[in-house]
Amino acid sequence: MRFSTLLLLAGLGLSTLPGLAGSTDPQPAARPVQTTGTVRKHLIYFRDKANTPFSTTQPQAFLSARSLERRTRQNISVQPRDLPVSPGYVAQLKALPGTQLWYTSRWFNAAVVACDSTTLAAVQALPFVRSVVTLNRNQAGLRKRGPQPEVVPPPQRPGASPADYGSAYEQAQMIGAVTMHNANFRGEGLQIAVFDAGFPGVNQIPAFAPLFQERRLASTFNFVDKSGDVFQRNDHGTNCLSTMAANQSGFFIGTAPKATYHLCITEDVSSEHPVEEMNWLIAAEYADSVGVDIISSSLGYNTFDLPSTGYTYADMNGRRAISTRAAAAAARVGILVVNSAGNEGANGWRYITARPMPTPF
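Residue numbers (mature numbering (1 follows the signal peptide of the UniProt record, and there is no 0)): -21 to -1, 1 to 340.
Right, here's the structure in full:
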């Protein structure tokens, strides 16, 4: 993963499958499966969605009313790829001794399973398994954070703006946010999902207090640790969120201070493995299901800790990278995906990194 460098509380924060059998949607080339006894996470692709109890004619069984309204507003129909994976396949996976099911993916028709190589061989032998991609991610415990410095607002500049934007005025004025706010476009009615590496302090920093007071923090989920606690880990997400949601007069006002937010941890900064792209995918499916309008993501991917799992520039074709394919799926259901461009121009990579961007397969 590559973070986009952000000035704290600066800039516009809206930074941006295989389904049924016979689908023409391509899959990435299978990576060599690990043959050690280490428990790793694997992406298990299913052949189909046979015997599913779900139907495109009754989408309310797996999508929220707001999600369906977003589709209707944009004339987007519910497709077979939107159906949940076959519960029977999931049950058989869970029944295998030594497997731990982490997530399932509607859009990829797949599951993320943690197991060792012996158990993986049994998984591969199941008749409904189409292919396997090893995500090369050891299970890791939660890293503890040390004491955090007290957040001290910078000195207010007198007369920064009539709206009292504080240190955010120049950037808000530059991108037209002040004009939009004066016209009463402040994010009311919009739901934004923010994908990042953590949001420590959001539940304590005064600039975020209106999110809680006005009940505009709709949901939180930590896809790295499988918990609801997002007020931990790396503060990059806190910085990104502040550019949108902060609302403290005289200190800082973000670009969408009245929007409703969903906070999702998808990134684990302690290591780099493709499983983080899968976290992004699962978070995007969650965002779809709850009816999010916009996904804001300041993440990108090119190299991983295991070099053979990384991407080359030739892989940046919209068909290989998991995160890019996930963003394309999100765009197909009417979600605006806004993602950072990276900071690689002066580095050896030089190019825009593989990132969640809605490009067609």
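For each residue, glycine too, the CB sits at the ideal point set by N, CA and C. Quick caveat: nothing in here was measured; it's all calculated off a predicted structure.
Give the DSSP-derived three-state secondary structure of residue i in the structure shown.
{"i": "Y240", "result": "strand"}
{"i": "Y24", "result": "strand"}
{"i": "I184", "result": "coil"}
{"i": "R122", "result": "Low confidence applies here, because R122 scores a pLDDT of 38, under 50, leaving its location unreliable; read the following figure in that light. Of the three classes helix, strand and coil, the one that applies to R122 here is coil, per DSSP."}
{"i": "S43", "result": "coil"}
{"i": "G(-9)", "result": "Annotation note: pLDDT 34 at G(-9) (below 50); position unreliable, coordinate value reported separately. Coil, per DSSP."}
{"i": "V248", "result": "coil"}
{"i": "Y82", "result": "strand"}
{"i": "V317", "result": "strand"}
{"i": "F191", "result": "helix"}
{"i": "Q150", "result": "helix"}
{"i": "L114", "result": "strand"}
{"i": "R109", "result": "strand"}
{"i": "I232", "result": "strand"}
{"i": "L(-2)", "result": "Because the pLDDT at L(-2) is just 27, under 50, the model does not fix this residue reliably, and the value given afterwards should be weighed accordingly. Here L(-2) sits in coil by DSSP."}
{"i": "N201", "result": "strand"}
{"i": "Y265", "result": "helix"}
{"i": "D175", "result": "strand"}
{"i": "Y292", "result": "helix"}
{"i": "I55", "result": "coil"}
{"i": "Y280", "result": "strand"}
{"i": "V91", "result": "strand"}
Quick one, are the C-beta atoms of residue i and residue j less than 8 Å apart?
{"i": "A235", "j": "I171", "result": "yes"}
{"i": "T303", "j": "G297", "result": "yes"}
{"i": "V254", "j": "L114", "result": "yes"}
{"i": "A176", "j": "H215", "result": "yes"}
{"i": "T222", "j": "R195", "result": "no"}
{"i": "F178", "j": "L242", "result": "yes"}
{"i": "G16", "j": "S96", "result": "yes"}
Closest by CA to residue i, which one among the options?
{"i": "A320", "options": "A40, N281, Q37", "result": "N281"}
{"i": "N30", "options": "P66, V312, A224", "result": "P66"}
{"i": "V173", "options": "E149, Q150, F202", "result": "F202"}
{"i": "Q37", "options": "P63, V18, N161, L196", "result": "P63"}
{"i": "A156", "options": "K237, V91, I273", "result": "K237"}
{"i": "V91", "options": "A300, L80, Y265, R85", "result": "L80"}
{"i": "L315", "options": "A300, D272, L285", "result": "D272"}
{"i": "R26", "options": "A104, Q53, E264, A300", "result": "A104"}
{"i": "R299", "options": "N322, E256, D143, V181", "result": "E256"}
{"i": "residue 348", "options": "S277, E264, F210", "result": "The structure shown does not extend to residue 348, since the chain is modelled only from -21 through 340, so no value can be given for it."}
{"i": "Q53", "options": "E323, G313, S198", "result": "G313"}
{"i": "S250", "options": "Q227, P286, H241", "result": "P286"}
{"i": "F283", "options": "A225, L42, H252", "result": "H252"}
{"i": "P32", "options": "Y68, T17, S56, Y24", "result": "Y68"}
{"i": "A224", "options": "K205, A197, T51", "result": "A197"}
Going by other Cβ atoms of all chains shown within 10 Å of its Cβ, with 16 needed for buried, is residue i buried or exposed?
{"i": "E48", "result": "exposed"}
{"i": "F191", "result": "exposed"}
{"i": "K28", "result": "buried"}
{"i": "I154", "result": "exposed"}
{"i": "A308", "result": "buried"}
{"i": "S217", "result": "Sequence check: residue 217 is Thr here, not Ser. Answer is buried; the Cβ neighbour count reaches 16."}
{"i": "G327", "result": "exposed"}
{"i": "Q150", "result": "buried"}
{"i": "G207", "result": "exposed"}
{"i": "T78", "result": "buried"}
{"i": "G279", "result": "buried"}
{"i": "N226", "result": "buried"}
Given this structure, state the Cα-to-Cα distance separating residue i from residue j, to the nearest angstrom.
{"i": "Q58", "j": "G229", "result": "48 Å"}
{"i": "A93", "j": "H21", "result": "6 Å"}
{"i": "N213", "j": "Q71", "result": "36 Å"}
{"i": "P106", "j": "A74", "result": "15 Å"}
{"i": "T98", "j": "L220", "result": "41 Å"}
{"i": "A261", "j": "I244", "result": "Position check: residue 261 holds Ile in this sequence, whereas Ala was assumed. So the two alpha carbons sit approximately 11 Å from each other."}
{"i": "V269", "j": "G145", "result": "34 Å"}
{"i": "N258", "j": "E246", "result": "7 Å"}
{"i": "L(-10)", "j": "Q39", "result": "Residue placement at L(-10) cannot be trusted, given a pLDDT of 31 that sits under 50; the coordinates are not used to answer."}
{"i": "I274", "j": "G168", "result": "15 Å"}
{"i": "A101", "j": "A44", "result": "39 Å"}
{"i": "A310", "j": "Y292", "result": "23 Å"}
{"i": "N322", "j": "S276", "result": "14 Å"}
{"i": "G233", "j": "N161", "result": "13 Å"}
{"i": "A89", "j": "F210", "result": "29 Å"}
{"i": "F231", "j": "D143", "result": "8 Å"}
{"i": "V181", "j": "T158", "result": "27 Å"}
{"i": "T35", "j": "S46", "result": "14 Å"}
{"i": "A305", "j": "A147", "result": "32 Å"}
With a cut-off of 8 Å, does the C-beta of residue i fall near any C-beta of chain C?
{"i": "A89", "result": "Looking for chain C here will not work: only one protein chain is present."}
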